[in-house]
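Have a look at the structure below before the remarks.
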Amino acid sequence: MTRINLDVQPDRRQRAIRRVRDRNIIIPTFAQMKNPELIPNIVKEKLRNVGLWDVNPLNLFRITWKNEQVSHGGGFGGVNFIELPSSLTGTPARVIGLIGKWFPTGAHKVGAAFGCLVPRLVTGQFEPSTQKAVWPSTGNFCRGGAYDSALLGCESIAILPEGMSRERFDWLSKIAGEVIATPGSESNVKEIFDKCWELRASGQDLMIFNQFEEFGNYLWHYEVTGHAMEEVLRKVMGPRDEYRGTVSATGSAGTIASGDYLKQVFPSSKIAASEALQCPTLLENGFGAHRIEGIGDKHVPWIHNVKNTDMVVAIDDNAVVSLARLFNEPAGLGYLVRQGVPEDVASRLNLLGFSGISNVLSAIKMAKYYEMGEHDIVLTILTDSMELYGSRLHEMHEEYGEYTELDAAAHYAQYLQGASTDNLIELTYADRRRVHNLKYFTWVEQQGRTYEEILAQWHERDYWKDVQKQVAEIDAAIIELNEAVGL
Ligand SMILES: Cc1ncc(COP(=O)(O)O)c(C=O)c1O
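For the sequence shown, position 432 (counting from the first letter as 1) is numbered 432 according to the numbering used here, and the numbering increases by one without interruption.
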């Protein structure tokens, strides 16, 4: 059965082709995003004059983990990643994070948005000349969606909670056609869904790209992030090293799909999902508000392959905001260097946004739980960087005053060296079913998914493989559209 609807609507597709041609747009394939060596030289040459965040359709080709780390005119290299030393993490295990900062918009969510939008565009299901693309989000997905929409020449509506960082709103107001702020903060996802229903009922001609249920999001990460992670492993793994697992916060549960790919390549590896301790939905069916921007919760995303998830980890948001100061204030960085953290690592800790810090803490807990040693590797994701949280640092400075060496020592000891295996469970079969069952209340009761499908997700052997296989079909449809456009 097809999970991503690829039925072609010929008339609308013709109009999409005209639109794409008029705007000189070439759409990259998943294969090119995985491997930019496949990008035509003419595109690479033109990119020499294009900034990383510019609203220029050529930047569709920069939806890749392999961008050169420059803000203007960059080419492509290897996957961007950073390995964090044990002087920082307190575990001998090798903790490696893929870096999201070097995507356009400063976060990898442009990829998730591409994965949702492009299959609809190339089949003619979404018509860019008349329809608006709606991007419900806790922040970066709607930034990515609004950005991709602008590159592809369509109107967009961004939806995000009013409590998200000022940087997100400032930038969105310049890119999205409309920005809707829903009540609450990070974990108020239900309010976002309610707004979507309101928009559906409004009679406007729009298409909602709900990242929490769109398999294009799952697929982009399975294929592009999964392969990027594998490349990192092939590069860094010595003969005695072992890849032990991936850990990722589940905002929409797109990123964690990379673990599904890696588990197929390394069958003994594990997948851990993390969330905020102040909103422990996966851990204990809990709820609450938290400050780890981007990772939502109070529901289980439809596209989370829970049966394949081995562990749940909850991270205290106090640890995250405190480490954000440690990693970015001069007194914090000075202290870290004196503890043996190499200067070139300390100077790059601003690559970790709030959820990146949370992911690293989750990786440390996972490593400690499985008693990993120096030859064990844990992968995680640094979705965005501190570039999007400057206002938060400023607010903390106002509230708590100067960051001192004493603060640094306390935070380093408590949250890094002292990280423990509390608030963590290794999921049994029954635990996984308990988490999966939570989907019912959001998706079947509220959001129109069927009873049959929630059972199929759990019981059908090939349910997730059917999504994974669709990448070839989507790439073929992209190539066909590009050929019809004839640029
Ligand atoms: C900053 C940040 N971190 C983590 C995530 C979670 O990633 P995913 O939605 O792929 O689970 C998001 C999602 O929007 C995010 O914006």
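Built from N, CA and C at the ideal position, the CB exists for glycine as well.
Taking 7 Å as the cut-off, one finds at least one heavy atom of ligand 1 near enough to the beta carbon of S252. A distance below 6 Å between beta-carbons, with the five flanking residues on each side excluded, links K34 to the following residues of its chain, in chain order: V224, H227. Using a Cβ-Cβ distance cut-off of 8 Å, the region 205-219 and the region 127-144 are in contact, since at least three pairs of beta carbons, one from each stretch, lie closer than that value. Under the 8 Å Cβ criterion, the region 401-420 does not count as touching the region 267-276, having fewer than three qualifying pairs. Under DSSP, S274 forms a beta bridge with A249, V313.
Our two residues, F114 and H436, have alpha carbons roughly 26 Å apart in a direct line.
Between the alpha carbons of D466 and T138 lies a distance of about 28 Å.
If you draw a straight line from the Cα of C142 to the Cα of R240, it comes to about 42 Å. At a Cβ-Cβ threshold of 8 Å, N359 and I381 count as neighbours. Boundaries of the alpha helix (DSSP H) harbouring F169: 166-175, taken from the DSSP string. Annotation for T255 indicates a beta carbon within 7 Å of some heavy atom of ligand 1. L121 places its beta carbon 8 Å or farther from that of A289. By the CB criterion at 8 Å, N423 and L283 fall inside the cutoff. In this structure, the alpha-carbon of E473 lies about 21 Å from that of T255. By the criterion of at least three beta-carbon pairs nearer than 8 Å, the region 209-220 is in contact with the region 248-267. The beta carbon of W102 sits closer than 6 Å to those of N67, Q69, N80, all from its chain and outside the five residues before and after it, given in chain order. The beta carbon of K307 sits no closer than 7 Å to any heavy atom of ligand 1.
For the set G51, D148, H108, the Cα lying nearest the Cα of T64 is the one of H108. Look at E460 here: in three-state DSSP terms it is coil, with no helix or strand label. Assignment of A289 by DSSP, reduced to helix, strand and coil, places it in the coil class. Under the three-state reduction of DSSP output, E155 falls in the strand class. With a cutoff of 7 Å, N188 does not count as near ligand 1, since its C-beta is closer than that to no heavy atom of the ligand.
The C-beta distance from I4 to P119 rounds to 5 Å, short enough to meet the 8 Å contact threshold. In the DSSP annotation of this structure, the continuous segment of the alpha helix (DSSP H) that includes V110 starts and ends at 109-123. Residue pairing by DSSP places T380 opposite G97, V247 in a beta bridge.
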